[in-house]
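Asker: Take a look at the following structure, please.
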Amino acid sequence: MWNKDELEELLRRCSTGDADAFTKLYQLTSPRVYGLLLRITKDSTEAETQLQEVYEKIWRKACTFNFGSSNAAGWIVITARNHAIDNLRKKSIEPQMSFANDALLADPRPNPESALIKSDEASRLNDCIEELKPERAAAVRSVYLDGDTYATLARRAGVPLNTMRTWLRRSLISIRMCLER
């Protein structure tokens, strides 16, 4: 499991241009980030390419991290996840999350999602998601944890795409208000 304080300190140093901190951050987090990218892309070459792109993005955007009030591990995982999903959408490929190839992952320890779920912040987040209507909570989990697209969710629910976007946006607002309490 990643050390929350260590990751935040490494990100803080990266935001000031500290290349040594970035190297350490990469060495510490890249195996799990690669595993996440591999599960989303289903292609080791594509996952390696995206890994490079994700860490370039982390290097450039480290200064945008909300130090002190955000989870560094979550920020890294979400950055990687969003990058992979965006690339799949550009190629018009539906993301498929499968855990069948987990044995191929570089790091046998718990994956980033599992580590986050076990953390206190994830527990608070889960409590806030549980306050949503069951179908909205399921939609939030499908999009942000399973990698489903809005279009896939809208088809499954039998609603227009913009309706699904509105539901998810309102759900995220509700979750944010819950977390601020």
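Residue numbers (my numbering): 2 to 182.
Glycine is no exception: its CB is placed at the ideal position from the N, C-alpha and C atoms.
1) Using 9 Å as the threshold, is the C-beta distance between Tyr217 and Arg171 below it?
2) Residue range of the alpha helix (DSSP H) that Leu12 falls in?
3) Tell me the rounded alpha-carbon separation between Ile41 and Gly148.
4) Is Leu26 near Ile79, with beta carbons less than 9 Å apart?
5) Does the separation of the CB atoms of Val141 and Leu89 fall below 9 Å?
6) Using the beta-carbon count (16 or more within 10 Å), is Leu162 buried or exposed?
7) Could you tell me the alpha carbon to alpha carbon distance between Lys91 and Ala85, rounded to whole angstroms?
8) What alpha helix (DSSP H) runs, 4 residues minimum, are completely inside the stretch 146-174?
9) CB Leu11 to CB Leu29, shorter than 9 Å?
10) So, for Arg13: in the same chain, excluding its five sequence neighbours on each side, which residues have a beta-carbon less than 7 Å away from its beta-carbon?
11) Helix, strand or coil for Leu1? Go by DSSP, reduced to three states.
12) Please classify Gln51: is it buried, with 16 or more other beta-carbons within 10 angstroms of its beta-carbon, or exposed?
13) If you follow the alpha helix (DSSP H) that Phe23 is part of, which residue opens it and which one closes it?
14) Using C-beta distances below 8 Å, list every residue in its chain close to Leu180, excluding the 5 sequence neighbours before and after it, in chain order.
Answerer: Put simply:
1) No statement about residue 217 is possible, as the shown extent of the chain runs from 2 to 182 and does not include it.
2) Taken as a continuous stretch (DSSP letters only), the alpha helix (DSSP H) holding Leu12 covers 5-16.
3) Near 7 Å, if we compare the C-alpha coordinates of Gly148 and Ile41.
4) No, these two residues do not count as a Cβ contact at 9 Å.
5) Not closer than 9 Å, so no.
6) By the neighbour-count criterion, in which a residue is buried when 16 or more other Cβ atoms sit within 10 angstroms of its Cβ, Leu162 is exposed.
7) Distance between the alpha carbons of Lys91 and Ala85: 10 Å.
8) With a minimum length of 4 residues, the continuous alpha helix (DSSP H) runs that stay inside the stretch 146-174 are 151-158.
9) Cβ distance < 9 Å, so Leu11 and Leu29 count as in contact.
10) Excluding positions up to five away in sequence, the list reads Phe68.
11) Missing from the structure shown is residue 1; the chain here goes from 2 to 182 and no further.
12) Buried, because 16 or more other Cβ atoms sit within 10 Å of the Cβ of Gln51.
13) Note, Phe23: alpha helix (DSSP H), 20-42.
14) Around Leu180: Arg125, Leu126, Cys129.
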